[in-house]
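Number of protein chains: 2
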Amino acid sequence: MHWSRWGDPAKAQPLDESARGMVEMFVGPLVDVPTVELEQVVLPPVGLTADQVAGLAAITEVATDAESRIRRTRGKSTPDLLKLRAGDAGDAPDAVVRPGSHDDVVAVLAYAVEQRIAVVPFGGGTSVVGGLAARRDGFAGVVALDLARMKRLIAVDPESQTATMEPGLLGPEAEALVGEHGFTIGHFPQSFEYASIGGFAVTRSSGQSSSGYGRFDSLVVGLRVATPIGDLTSGSAPANAAGPDLRELVMGSEGAFGVVTEVTVRVRPLPAEKVYETWRFPSFTQGAAAMRVLRQEGIAPTVLRLSDELETMVNLADPASIGAAGDGGCLMVAGFEGTAAAVELRRSLVTARLTELGGTDLGVDEAWATGRYNGPYLRDSLLDLGILVETLETATFWSNLTRLYDGVKSALAASLPNPIVLCHISHVYDTGCSLYFTVAARVAGDPIAQWRAAKAAASDAMIDAGATITHHHAIGTDHKPWLAREIGPVGVEILRAVKERVDPTGILNPGILIP
Amino acid sequence: MHWSRWGDPAKAQPLDESARGMVEMFVGPLVDVPTVELEQVVLPPVGLTADQVAGLAAITEVATDAESRIRRTRGKSTPDLLKLRAGDAGDAPDAVVRPGSHDDVVAVLAYAVEQRIAVVPFGGGTSVVGGLAARRDGFAGVVALDLARMKRLIAVDPESQTATMEPGLLGPEAEALVGEHGFTIGHFPQSFEYASIGGFAVTRSSGQSSSGYGRFDSLVVGLRVATPIGDLTSGSAPANAAGPDLRELVMGSEGAFGVVTEVTVRVRPLPAEKVYETWRFPSFTQGAAAMRVLRQEGIAPTVLRLSDELETMVNLADPASIGAAGDGGCLMVAGFEGTAAAVELRRSLVTARLTELGGTDLGVDEAWATGRYNGPYLRDSLLDLGILVETLETATFWSNLTRLYDGVKSALAASLPNPIVLCHISHVYDTGCSLYFTVAARVAGDPIAQWRAAKAAASDAMIDAGATITHHHAIGTDHKPWLAREIGPVGVEILRAVKERVDPTGILNPGILIP
Numbered sequence: 001m002h003w004s005r006w007g008d009p010a011k012a013q014p015l016d017e018s019a020r021g022m023v024e025m026f027v028g029p030l031v032d033v034p035t036v037e038l039e040q041v042v043l044p045p046v047g048l049t050a051d052q053v054a055g056l057a058a059i060t061e062v063a064t065d066a067e068s069r070i071r072r073t074r075g076k077s078t079p080d081l082l083k084l085r086a087g088d089a090g091d092a093p094d095a096v097v098r099p100g101s102h103d104d105v106v107a108v109l110a111y112a113v114e115q116r117i118a119v120v121p122f123g124g125g126t127s128v129v130g131g132l133a134a135r136r137d138g139f140a141g142v143v144a145l146d147l148a149r150m151k152r153l154i155a156v157d158p159e160s161q162t163a164t165m166e167p168g169l170l171g172p173e174a175e176a177l178v179g180e181h182g183f184t185i186g187h188f189p190q191s192f193e194y195a196s197i198g199g200f201a202v203t204r205s206s207g208q209s210s211s212g213y214g215r216f217d218s219l220v221v222g223l224r225v226a227t228p229i230g231d232l233t234s235g236s237a238p239a240n241a242a243g244p245d246l247r248e249l250v251m252g253s254e255g256a257f258g259v260v261t262e263v264t265v266r267v268r269p270l271p272a273e274k275v276y277e278t279w280r281f282p283s284f285t286q287g288a289a290a291m292r293v294l295r296q297e298g299i300a301p302t303v304l305r306l307s308d309e310l311e312t313m314v315n316l317a318d319p320a321s322i323g324a325a326g327d328g329g330c331l332m333v334a335g336f337e338g339t340a341a342a343v344e345l346r347r348s349l350v351t352a353r354l355t356e357l358g359g360t361d362l363g364v365d366e367a368w369a370t371g372r373y374n375g376p377y378l379r380d381s382l383l384d385l386g387i388l389v390e391t392l393e394t395a396t397f398w399s400n401l402t403r404l405y406d407g408v409k410s411a412l413a414a415s416l417p418n419p420i421v422l423c424h425i426s427h428v429y430d431t432g433c434s435l436y437f438t439v440a441a442r443v444a445g446d447p448i449a450q451w452r453a454a455k456a457a458a459s460d461a462m463i464d465a466g467a468t469i470t471h472h473h474a475i476g477t478d479h480k481p482w483l484a485r486e487i488g489p490v491g492v493e494i495l496r497a498v499k500e501r502v503d504p505t506g507i508l509n510p511g512i513l514i515p
Numbered sequence: 001m002h003w004s005r006w007g008d009p010a011k012a013q014p015l016d017e018s019a020r021g022m023v024e025m026f027v028g029p030l031v032d033v034p035t036v037e038l039e040q041v042v043l044p045p046v047g048l049t050a051d052q053v054a055g056l057a058a059i060t061e062v063a064t065d066a067e068s069r070i071r072r073t074r075g076k077s078t079p080d081l082l083k084l085r086a087g088d089a090g091d092a093p094d095a096v097v098r099p100g101s102h103d104d105v106v107a108v109l110a111y112a113v114e115q116r117i118a119v120v121p122f123g124g125g126t127s128v129v130g131g132l133a134a135r136r137d138g139f140a141g142v143v144a145l146d147l148a149r150m151k152r153l154i155a156v157d158p159e160s161q162t163a164t165m166e167p168g169l170l171g172p173e174a175e176a177l178v179g180e181h182g183f184t185i186g187h188f189p190q191s192f193e194y195a196s197i198g199g200f201a202v203t204r205s206s207g208q209s210s211s212g213y214g215r216f217d218s219l220v221v222g223l224r225v226a227t228p229i230g231d232l233t234s235g236s237a238p239a240n241a242a243g244p245d246l247r248e249l250v251m252g253s254e255g256a257f258g259v260v261t262e263v264t265v266r267v268r269p270l271p272a273e274k275v276y277e278t279w280r281f282p283s284f285t286q287g288a289a290a291m292r293v294l295r296q297e298g299i300a301p302t303v304l305r306l307s308d309e310l311e312t313m314v315n316l317a318d319p320a321s322i323g324a325a326g327d328g329g330c331l332m333v334a335g336f337e338g339t340a341a342a343v344e345l346r347r348s349l350v351t352a353r354l355t356e357l358g359g360t361d362l363g364v365d366e367a368w369a370t371g372r373y374n375g376p377y378l379r380d381s382l383l384d385l386g387i388l389v390e391t392l393e394t395a396t397f398w399s400n401l402t403r404l405y406d407g408v409k410s411a412l413a414a415s416l417p418n419p420i421v422l423c424h425i426s427h428v429y430d431t432g433c434s435l436y437f438t439v440a441a442r443v444a445g446d447p448i449a450q451w452r453a454a455k456a457a458a459s460d461a462m463i464d465a466g467a468t469i470t471h472h473h474a475i476g477t478d479h480k481p482w483l484a485r486e487i488g489p490v491g492v493e494i495l496r497a498v499k500e501r502v503d504p505t506g507i508l509n510p511g512i513l514i515p
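For the protein sequence lines, the chains are W and X, in the order given.
For the first sequence, the UniProt record's numbering gives the first residue as 1, with consecutive numbering after it.
For the second sequence, the UniProt record's numbering gives the first residue as 1, with consecutive numbering after it.
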């Protein structure tokens with residue numbers, strides 16, 4: 001991962017002339033925005049004492065060099081990128097600690113409690129909600145607890161179709177390991193190539209194939225968590241009535257309650273066949289209604305996505321084809337994965353139903369599947385040209401969809417100069433769906449302040465519409481004010497009570513999640 | 001509901017001569033066991049002061065007459081029945097309080113906090129785990145908070161397919177109300193006729209059609225909860241990443257964290273067709289493997305049950321046919337509900353797969369569906385004859401099924417005199433399933449002590465096998481020691497932390513759930 005951009009520099013996607021022309025048409029003239037080199041980044045001195053660094057090093061691997069620290073500074077939100085591009089590493093951890101095992105994690109936590117050192121669990125570093133920028137005040141220092149050495153596939157149970165993994169495995173690494181046993185996890189978020197198994201669990205990640213495989217939280221059957229007061233192990237059965245489901249308390253906790261050291265997930269046989277089709281619907285409303293019907297009738301495909309009119313036109317996910325789709329309407333992707341027989345059966349049911357519901361079958365098209373992880377590269381290319389780009393996501397019930405869509409779009413339009421606002425539905429449920437917005441606007445003044453204002457307006461619109469502040473990006477620091485509104489004061493008190501009990505000195509990711 | 005037996009006295013199911021003969025063959029000679037009349041029940045005096053009763057009556061309806069109190073004494077476990085049959089109402093509430101609204105509940109809780117009165121939320125009164133026998137010490141008295149007046153269907157959202165209901169609706173009442181809108185909840189546990197919507201939520205109930213419709217906790221999309229520190233409202237989207245899922249903390253909380261006053265659930269269109277088939281498999285192992293395959297391949301029917309060899313032979317659910325099934329093997333019920341087209345398609349897939357997997361199609365058979373709620377009546381008939389009967393249930397992953405099955409059977413065989421132990425699988429998941437045991441043995445000495453010892457042995461066997469102490473009966477007081485072993489000391493601390501925060505005076509169902 002590039003230290004201040006998304007992903008692999010070799011995969012960067014600079015805009016070609018026609019794409020630049022179209023962007024300029026929307027937002028006005030482009031400018032080249034310089035970024036600093038790694039060596040120019042301003043890094044605070046290591047705040048920990050030499051004794052503390054030695055104390056950590058006596059437990060496991062520790063690094064305090066500049067590059068290690070810069071690479072664990074914040075996550076990958078647009079404000080995070082803007083800060084690093086400008087050379088600001090003010091939130092850098094004092095040290096990077098790399099445990100090799102659950103026992104290492106336990107020992108690090110005990111030492112951190114003793115020394116009052118804040119601990120930020122670090123998986124793939126892809127947070128887009130400020131989940132890695134812990135509060136420093138009141139602590140001797142901050143360490144990034146980098147889980148990158150904890151990459152074992154601990155067990156596969158082929159009969160129960162589960163796999164137990166360490167948290168540091170990145171998406172492709174985990175897929176490769178369970179793939180050797182003939183299985184897939186089926187979790188493919190846009191961050192797939194760089195995000196970790198532990199991160200998927202503690203942020204309630206949801207992948208692009210969630211219609212078929214389910215959200216990551218629905219795949220998790222067991223967790224092992226190291227907390228400052230001891231281990232929590234949950235998942236004694238696929239489902240039970242043994243009180244509140246504590247797995248559901250750890251998921252979404254973003255490291256504030258403990259460090260997940262083992263994750264057991266449902267796996268499925270590797271699909272023999274994968275077919276992705278595109279469909280066109282006359283309008284977003286009609287396409288969304290068709291998705292609802294597929295889901296409520298129990299025949300949704302593995303992948304089910306719908307772009308709104310503008311996203312269909314702009315097709316931002318693939319710079320080579322920006323502006324190429326000229327037939328209007330809204331593009332839907334329907335992907336089918338499974339045995340040949342299952343794919344054939346489901347395709348025939350879906351084809352019949354979507355046709356009845358007003359869709360036009362555009363045939364098999366692998367373009368979406370090929371470009372599915374490329375969106376973030378384009379953001380870097382646009383930031384290079386003075387275009388602020390960020391994403392926002394939420395979810396609601398079907399009957400509230402239009403109100404939410406209109407509300408967020410209006411809020412963004414009112415708070416940014418002539419913005420492009422694109423939207424798609426990428427996760428469907430029986431009772432509702434997600435909405436994922438991509439926003440682009442010309443930088444005017446301080447881009448971070450500019451974005452904060454727009455983000456606040458959009459977040460207010462989500463809560464005002466009775467929707468959630470986040471469908472799959474988690475809370476971090478950025479969403480905290482709206483979490484408090486979403487779950488109310490009693491909900492906040494419950495989170496605080498759990499936090500205070502399992503982390504009485506408050507060393508775990510301080511300032512994250514809990515209002 | 002009869003005050004000391006299950007259900008409607010008109011539906012009692014005394015054993016006929018052939019059934020008696022068969023039971024005697026298994027467990028030895030039967031004896032007629034007398035039970036007391038309602039008037040003979042020994043009831044403690046009302047512990048609340050006249051001022052306190054008046055204080056409650058100033059808020060809402062209150063009753064302190066003997067019958068009202070006896071009818072809210074404990075639940076419907078076999079020990080509960082044995083105590084009432086012997087005239088022991090020592091756990092009776094001092095008063096029965098009947099709120100008519102959320103605001104009434106809030107006011108009752110505030111008064112109870114002020115006066116230190118313990119509050120036991122009471123829905124259908126069907127707990128089989130001691131969930132209604134609150135601890136009295138430290139309190140001025142105990143009231144049953146009977147939710148039977150809170151029976152409104154608050155809202156139906158036909159587009160999102162959700163319904164919002166008050167907690168006091170019993171299963172058939174709720175089905176009738178959503179049925180007027182063309183929907184079903186699809187939740188049909190054995191207790192369906194007498195258990196309540198609120199109870200389903202706070203105990204994580206699972207119904208006989210859970211393969212198709214899902215467990216009740218998976219149907220719940222929103223909850224409103226009155227706690228002593230304020231209201232908690234959750235369910236802002238079908239799914240979200242806004243921190244831990246607080247719905248999952250309320251579900252399974254058995255009234256210890258608050259009183260659920262509104263429940264929003266997923267509903268589905270009323271099925272146009274219902275077809276129930278029976279199949280025979282050569283062995284329990286082979287039948288279970290077939291269920292696993294159906295589920296993992298995504299083609300499980302709406303109802304999927306499998307009786308082990310002895311349960312197949314005895315067929316306890318239908319006294320008229322006890323001992324009638326003479327062809328050996330294990331009986332499976334496969335039920336299909338939905339549109340005619342969906343039923344036909346699923347049936348054809350299931351028929352082909354079950355045939356391949358060694359099953360014999362016995363054709364359409366409505367006997368199971370007709371008798372599905374009758375099991376508890378037979379328990380009363382057997383208790384009348386000196387036969388101790390009770391049920392136990394658990395769940396585990398597929399690869400652990402045989403170990404769990406053998407472990408529980410061995411524990412029961414070793415701790416009861418010549419017991420009959422029957423078992424079935426009634427809830428299947430991708431990664432595992434439930435096991436539901438029915439145990440019968442001749443009473444020898446004190447039947448309650450006799451059962452407690454057997455229950456403890458079976459519960460130890462469940463935890464020793466790494467399974468859950470309860471798949472769908474909840475914790476109450478009976479399962480608390482094993483809950484502590486299942487979730488460990490950190491899990492217990494989390495429950496205590498939440499309890500202490502939301503219920504600082506501890507008035508809510510004291511002694512229930514939390515070890």
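In this text, a Cβ means the ideal position worked out from N, Cα and C, and glycines have one as well.
Got a sec: which bits of the stretch 386-417 of chain X sit with their beta carbon under 8 Å from any beta carbon on chain W, in order along the chain?
Answer in chain order: Thr394, Ala395, Thr396, Phe397, Trp398, Ser399 and Asn400.
Taking a Cβ distance cut-off of 7 Å, strictly less, list which residues of the stretch 104-126 of chain X are near chain W, in chain order.
Answer set for the stretch 104-126 of chain X: empty.
State yes or no: is the C-beta of residue 520 of chain W within less than 8 Å of the C-beta of histidine 471 of chain X?
Past the edges of chain W, shown from 1 to 515, lies residue 520 of chain W, and the structure says nothing about it.
Restricting to runs no shorter than 3 residues, where is the beta strand (DSSP E) found entirely within the stretch 304-382 of chain X?
Whole beta strand (DSSP E) segments, 3+ residues: 330-338 and 360-364.
Any Cβ of chain X within less than 8 Å of the Cβ of glutamine 296 of chain W?
Residue mapping note: residue 296 of chain W aligns to position 296 of the first sequence, counting from 1. Judged by the 8 Å Cβ criterion, glutamine 296 of chain W is in contact with chain X.
Buried or exposed: where does arginine 74 of chain W fall if 16 or more other Cβ atoms within 10 Å of its Cβ makes it buried?
As a first step, residue 74 of chain W must be located in the first sequence, where it is residue number 74. Burial call: buried.
On the DSSP letters alone, give me the boundaries of the beta strand (DSSP E) that methionine 150 of chain W sits inside.
Stepping through the first sequence from its first residue, residue 150 of chain W is reached at position 150. Element bounds for methionine 150 of chain W: n/a, residue is neither H nor E.
With the cut-off set at 8 Å, would you say isoleucine 514 of chain W and arginine 485 of chain W are in Cβ contact?
The count along the first sequence starts at 1 and reaches residue 514 of chain W at position 514. The count along the first sequence starts at 1 and reaches residue 485 of chain W at position 485. No.
Tell me whether the beta-carbon of arginine 5 of chain W lies closer than 8 Å to the beta-carbon of leucine 81 of chain W.
Taking the first sequence and counting its residues from 1, the one referred to as residue 5 of chain W is at position 5. Taking the first sequence and counting its residues from 1, the one referred to as residue 81 of chain W is at position 81. Taking 8 Å as the Cβ cut-off, arginine 5 of chain W and leucine 81 of chain W qualify as a contacting pair.
Buried or exposed for serine 191 of chain W, going by 16 or more other Cβ atoms inside 10 Å?
If you number the first sequence from 1, residue 191 of chain W lands on position 191. Classification of serine 191 of chain W: buried, given that the 10 Å Cβ count is 16 or more.
DSSP has threonine 73 of chain W in a bridge; who is on the other side?
Mapped onto the first sequence, residue 73 of chain W falls at position 73. Answer by DSSP bridge pairing: none, since threonine 73 of chain W is not bridged.
Which value, in whole angstroms, describes the spacing of the CA atoms of arginine 268 of chain W and histidine 473 of chain X?
Taking the first residue of the first sequence as position 1, residue 268 of chain W is located at position 268. Taking the first residue of the second sequence as position 1, residue 473 of chain X is located at position 473. Cα to Cα, the separation comes out at about 30 Å.
What residues of chain X sit near arginine 501 of chain W, judged by a beta carbon separation below 7 Å?
Translated into positions along the first sequence, residue 501 of chain W becomes position 501. Within chain X, the residues near arginine 501 of chain W are Glu493, Ile494 and Ala497.
Work out the CA separation of phenylalanine 397 of chain X and alanine 237 of chain W for me, nearest whole Å.
Against the first sequence, residue 237 of chain W aligns to sequence position 237. Against the second sequence, residue 397 of chain X aligns to sequence position 397. Whole-angstrom Cα-Cα distance: 6 Å.
Taking Cβ positions only, does glutamine 52 of chain W come closer than 8 Å to chain X?
Mapped onto the first sequence, residue 52 of chain W falls at position 52. For glutamine 52 of chain W, the answer is no, since every Cβ of chain X falls outside 8 Å of its Cβ.
So which of X:Leu495, X:Ile387, X:Leu422 and X:His424 has the shortest CA-CA distance to residue 540 of chain X?
The structure shown has nothing for residue 540 of chain X, since chain X only spans 1 to 515.
Should the stretch 192-204 of chain X be called in touch with the stretch 253-268 of chain X, which here means at least 3 C-beta pairs below 8 Å?
Judged by Cβ distances under 8 Å, the stretch 192-204 of chain X makes contact with the stretch 253-268 of chain X, as three or more pairs qualify.
What does a CB cutoff of less than 7 Å around tyrosine 405 of chain X pick up in its chain, not counting 5 residues either side in sequence?
Within the second sequence, numbered from 1, the residue matching residue 405 of chain X stands at position 405. Excluding residues within five positions, the ones whose Cβ falls inside 7 Å are Cys423 and Leu435.
Return the residue from the list W:Ala140, W:Val142 and W:Pro172 that minimises the CA-CA distance to lysine 151 of chain W.
Taking the first sequence and counting its residues from 1, the one referred to as residue 151 of chain W is at position 151. Residue W:Pro172 is the option with its Cα nearest to lysine 151 of chain W.
Using 10 angstroms around the beta-carbon of glutamate 277 of chain X, count the other beta-carbons present and answer buried if the total reaches 16, otherwise exposed.
By 1-based counting over the second sequence, the position of residue 277 of chain X is 277. Glutamate 277 of chain X should be labelled buried.
Taking beta-carbon pairs under 7 Å, can you tell me which members of the stretch 424-453 of chain X lie near chain W?
Answer set for the stretch 424-453 of chain X: Tyr429, Asp430, Thr431 and Gly432.
Give the residues of chain X in contact with serine 253 of chain W, contact being defined as C-beta atoms less than 8 Å apart.
The residue labelled residue 253 of chain W in the question sits at position 253 within the first sequence. In chain order: Gly243 and Pro244.
So is leucine 483 of chain X in contact with chain W if we call contact Cβ pairs under 8 Å?
Sequence index remark: in the second sequence, residue 483 of chain X carries index 483 (1-based). With 8 Å as the cut-off, leucine 483 of chain X counts as an interface residue toward chain W.
Against chain X, does valine 156 of chain W count as a neighbour if the rule is that its beta carbon must be under 8 Å from one of theirs?
As a working note, residue 156 of chain W is residue 156 in the first sequence. No - not a single Cβ of chain X is within 8 Å of the one on valine 156 of chain W.
Could you give the distance in angstroms between the alpha-carbon of isoleucine 185 of chain X and the alpha-carbon of aspartate 157 of chain X?
In the second sequence, residue 185 of chain X corresponds to position 185, counting from 1. In the second sequence, residue 157 of chain X corresponds to position 157, counting from 1. Each residue's alpha carbon lies about 13 Å from the other.
Please report whether the beta-carbon of threonine 49 of chain W lies at a distance below 8 Å from any beta-carbon of chain X.
The residue you call residue 49 of chain W lines up with position 49 of the first sequence. So, not an interface residue.
In angstroms, rounded to a whole number, what distance separates the CA positions of arginine 496 of chain X and alanine 66 of chain X?
For the purposes of this step, residue 496 of chain X is identified with residue 496 of the second sequence, where counting begins at 1. For the purposes of this step, residue 66 of chain X is identified with residue 66 of the second sequence, where counting begins at 1. So the alpha carbons of these two residues sit roughly 34 Å apart.
Got a sec? Which residues, its chain only, sit under 6 Å from alanine 324 of chain X by beta carbon, not counting five neighbours each side?
Along the second sequence, one-based indexing puts residue 324 of chain X at 324. Below a pLDDT of 50, predicted positions are generally treated as unreliable, and alanine 324 of chain X, at 46, falls in that range; no measurement from the model is reported.
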